[in-house]
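Chains as they are written, first to last, in our numbering: chain A, -7 to 220; chain B, -7 to 220; chain C, 6 to 229; chain D, 6 to 229.
The next block holds one structure in the form of structure tokens; read it before the comments.
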Amino acid sequence: MITPLTRHQMAWRAAQDLADGAYVNLGLGMPVLAANYAPAEREIFYHSENGVLGVGPVAPPGQGDPELVDAGSQMVTLRDGASIFDSAASFAMIRGGHLDLTILGAFQVAANGDLANWDALSADKGPLIGGAMDLAMGAKAVHVIMRHTTRRGAARLVTECSYPVTARGVVSRVYTDLAVLDIDQGRLVVREIIPGLGHDELAAATDAPLTFGPDCRELTAPDLAGGI
Amino acid sequence: MITPLTRHQMAWRAAQDLADGAYVNLGLGMPVLAANYAPAEREIFYHSENGVLGVGPVAPPGQGDPELVDAGSQMVTLRDGASIFDSAASFAMIRGGHLDLTILGAFQVAANGDLANWDALSADKGPLIGGAMDLAMGAKAVHVIMRHTTRRGAARLVTECSYPVTARGVVSRVYTDLAVLDIDQGRLVVREIIPGLGHDELAAATDAPLTFGPDCRELTAPDLAGGI
Amino acid sequence: MINKVVGDPAAAMAGIHAGASIMISGFGNAGIPGTLVRALGAMNLTGLTLIMNAIRRIDECDPSLFDNRRVDHVITTAFRGPDAAPASYERQWKRGEMTLDILPQGTFAERIRAGGAGIPAFYTPTATGTSLVEGREQRDFNGRTCVLEEALTADFALLRAQKADRYGNLYFRGTQANFGSAMATAAQTTIVEVDEISETGLRPEEVHLPGIYVQRVLRAPRRH
Amino acid sequence: MINKVVGDPAAAMAGIHAGASIMISGFGNAGIPGTLVRALGAMNLTGLTLIMNAIRRIDECDPSLFDNRRVDHVITTAFRGPDAAPASYERQWKRGEMTLDILPQGTFAERIRAGGAGIPAFYTPTATGTSLVEGREQRDFNGRTCVLEEALTADFALLRAQKADRYGNLYFRGTQANFGSAMATAAQTTIVEVDEISETGLRPEEVHLPGIYVQRVLRAPRRH
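Shown next as structure tokens:
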């Protein structure tokens, strides 16, 4: 029986690649969960686009300051060495290429690195861009965490995005519930795949050709309390 | 006998027009002297383009901080309500039109408001622009303090500047050792003239046509200790 | 003597007129000038342009602004209601009763910063290759395609800060500054609500935004 | 563990190479990284590009940089020696041994800020109508003529600050920040000399420049 990774397990896997000393922006949803799973010995500065470098854990219940929030509007704490600045300065930091990495959610990622994560084109709702376009264009590396397919089974890794694109050619790594893939010169290279899933089965769940790296490994993650 | 104003008297006269609550940048030389002569009851915030809003008096001997200087590189103090910021922010303030007034020195001013104050075209020396171009373009009003003529007697108020121009059409008032003049739609309008100087004598010292306002008054200044 | 402190919301909001363009600070619940937004709602002005990062925060402060159709135009990065059912502003936009400029957040911040800094226009790589820049003026710099963006200014800015003094100097708590610092520079008249008025004046070390950018200060402690 | 503190000037200056472009902070005597400038002079590198507000301040720190013809190109707002007789750099420029970009100070600051902020180019009204913009690309915005200016970046930036911590966070005293804050964002490698290393780490309230912009910190108390 094949067991896809849970949301927390995907976040855990992405967190294992966070480097010591890195400056990292984590998008809403699964990406922000990654902060819980970075190896403890690594010092990582989490950036929040509303103006924090060095976001700490969410504030304990009843102890948060409503005037100190992260990009997800959660009341947060600050780590040692943190700093605070305004939004224009924060996006100067992003756009200027100073962040080592951003991890974002996505609706689709194309084999050429195109990212679609800003609009699901809902008939009744208005548009929501936020900071994703700046992060995707500005960070030195863009990683994505998303389920491999939609709830209806449609591929999210595609030859060309059908959703509105956030930025072109920017994604270099994707963590899904089935695999870890690198985008290398227009190719989707599978680095890790969950146990029991065949290469052809992964290919069938993907709408772009896959290359399996010679060192393709098993993608395993610990049991985590965070549920699905 | 005609007595032109001293440097300090020119600065004094310019200072009498500083409004309560104004944000003002004073250029090097005579303009910066004006801070000594503003009426005491007026609260004026002096801006220094290296990043101070609220420059106070020069620090007493031996008590200055070499890391706290004004645009003339003098060790200064800060007044109540002062703030400090970096140069990019300081010039954003200037360029963004937030200063009420700058008072600058000049080599020449033209009747259309052109200002020439940045380069005397010395054969051996390099160019020096500093902040004058930004101040001249950015401040809501540009006033000039300068002697009416050069040491050799050449007019500094001219029809067209022969020195390299700092900014076009920006000067609205000029304080000289002989007169106070407004620039009004391309005309030099004399508002004040020193006692004993004839209108034709002033005109002879000026290289552009003069208009004498109906309310043209005597330009007088108190005796001041500051010498010539 | 300089004294920018006003006594009540009416004095703070004086002169805001129908058709005005108004920037409003805030990200999440930080830096939202709730008292000023409610005072704006009570003024019953029509034809307003609102410039704010996330429109839902205005609606949460005072639903009357949209419910009563006070707003003709919105410039924002997030024009989406929190619920599955469309919010009043989403319905008005879908019906064509309101126009909308939707921007990337960094472009939004930088356009406002440019408005305050006397930079009429700049190029940015953000949003190139997306539907947002179709038909827009673009140009390559160092091999990278960029889009021309113009400065954004407004008649008024409404901000929230922790402390102010009579000079209009502001001290922000936590992440209160967000878009407010830039908005204060880009508006003709900047109005700030604060928890505290410092009688002694802020120390230079405490000043996050110089008072030159602030015209009026109102004491309006945060509702918890 | 992050630790950006280095032990001596050699470690601070490691990797600076012939032909490098180097931004140097300072206005008047505030924010001049004297120890680092002297260390640069001792490296005997040729073909340097120096980017600094007023060139005389470098010459006052270490005349060897110009006396030994280490500098090929200068970008500055003030290229004038303090004396009636020309300085060595003025003579070299007049003889054509050195090239020069002379800029208005606000354009200088904004081009560096743009370099750090990922803005490849912007328009400014400053210097229009003057000899500085002859033949340059200009364009009207809202009836005002502006000139296109491109971002300025560098291989290295040398700064002075009062305090730093192991994260590279900086606290500036007085008017020390001046061009340094923007230069730190625009350089590939930013090197800072400070009076004090804070062992406990700067508090968020004290941080004027976030450590993300600083690669190396050297303790080098100011000579009085």
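We put the beta carbon where it would ideally sit given N, CA and C, even for glycine.
Check: Check the Cβ of M85/A against every Cβ in chain D and list those closer than 7 Å, keeping chain order.; Outcome: I217
Check: Could you work out which residues of chain D lie near Y1/C, taking near to mean beta carbons separated by less than 8 Å?; Outcome: Because chain C is modelled from 6 through 229, residue 1/C falls outside the range shown and cannot be assessed.
Check: Please tell me whether Y176/C has its Cβ less than 8 Å away from any Cβ of chain B.; Outcome: no
Check: Would you kindly work out how many angstroms separate the C-alpha atoms of R75/D and E102/D, rounded to a whole number?; Outcome: 11 Å
Check: Can you list, in chain order, the residues of its chain whose CB lies under 7 Å from that of R179/A, leaving out five sequence neighbours each side?; Outcome: A103 and T203
Check: Is there a C-beta anywhere in chain C that falls below 8 Å from the one on S75/A?; Outcome: no
Check: State the Cα-Cα distance for the pair T198/A and R139/A, rounded to the nearest angstrom.; Outcome: 11 Å
Check: Here's the rule: buried if 16 or more other CB atoms are within 10 angstroms of the residue's CB, otherwise exposed. What is I202/C?; Outcome: exposed
Check: Can you find the residues in the same chain that come closer than 6 Å, C-beta to C-beta, to D160/C, ignoring five residues on each side of it along the sequence?; Outcome: A25, S26 and Q193
Check: Relative to the alpha-carbon of E65/D, which residue among V219/D, M48/D, V42/D and Y218/D has its alpha-carbon at the smallest distance?; Outcome: V42/D
Check: Would you kindly work out how many angstroms separate the C-alpha atoms of P226/D and P38/D, rounded to a whole number?; Outcome: 10 Å
Check: With the cut-off set at 8 Å, would you say R61/D and A35/D are in Cβ contact?; Outcome: no
Check: By DSSP, does K168/D sit in helix, in strand, or in coil?; Outcome: strand
Check: When DSSP labels each residue in this structure, what does E198/D get in the three-state scheme?; Outcome: strand
Check: Taking 8 Å as the threshold (C-beta atoms), are G123/A and G121/D in contact?; Outcome: no
Check: Rounded to the nearest angstrom, what separates Q66/A and N17/A at their Cα positions?; Outcome: 15 Å
Check: Checking 8 Å against the spacing of the C-beta atoms, do V162/B and G118/B come in under that value?; Outcome: no
Check: Got a sec, what are the start and stop residues for the beta strand (DSSP E) T180/D sits in?; Outcome: From DSSP, T180/D is part of no beta strand (DSSP E); its letter is neither H nor E.
Check: Quick one: does N147/C have its CB under 8 Å from some CB of chain A?; Outcome: no
Check: Counting only Cβ pairs nearer than 7 Å, list the residues of chain D close to L189/B.; Outcome: Simply none; closest approach about 33 Å.
Check: Against G89/B, what residues of chain C qualify as contacts under a CB-to-CB distance less than 7 Å, listed in chain order?; Outcome: G123
Check: Can the beta-carbon of F37/B be found closer than 8 Å to that of L45/B?; Outcome: yes
Check: For Q220/C, count the other beta carbons within 10 Å of its own beta carbon; 16 or more makes it buried, fewer makes it exposed. Which is it?; Outcome: buried
Check: Is G73/B helix, strand or coil when you go by DSSP?; Outcome: strand
Check: Please confirm if C66/C has its CB atom under 8 Å from at least one CB of chain D.; Outcome: no
Check: Could you pull the DSSP bridge partners for R221/C from this structure?; Outcome: I196/C
Check: Please identify, using Cβ separations under 9 Å, the residues of the region 31 to 44 of chain B that lie next to chain D, in order along the chain.; Outcome: S40, E41, N42, G43 and V44
Check: Kindly indicate the opening and closing residues of the alpha helix (DSSP H) around F82/A.; Outcome: Correcting the residue type first, residue 82/A is Ser in the shown sequence and not Phe. Note, S82/A: alpha helix (DSSP H), S79 to R87.
Check: Does the distance from the CB of I29/D to the CB of L55/D come in under 8 Å?; Outcome: yes
Check: Quick one: give me the first and last residue of the alpha helix (DSSP H) that R118/D is part of.; Outcome: Q110 to A122
Check: So for A35/C, helix, strand or coil by DSSP?; Outcome: strand
Check: Would Y155/A count as contacting chain D if we go by Cβ distances under 8 Å?; Outcome: no
Check: Between T54/C and chain A, is the shortest Cβ-Cβ distance under 8 Å, so that the two count as touching?; Outcome: no
Check: Just list the residues that DSSP pairs L55/C with in beta bridges.; Outcome: I27/C and V79/C
Check: Of all the CB atoms in chain A, is at least one closer than 8 Å to the CB of T190/D?; Outcome: yes
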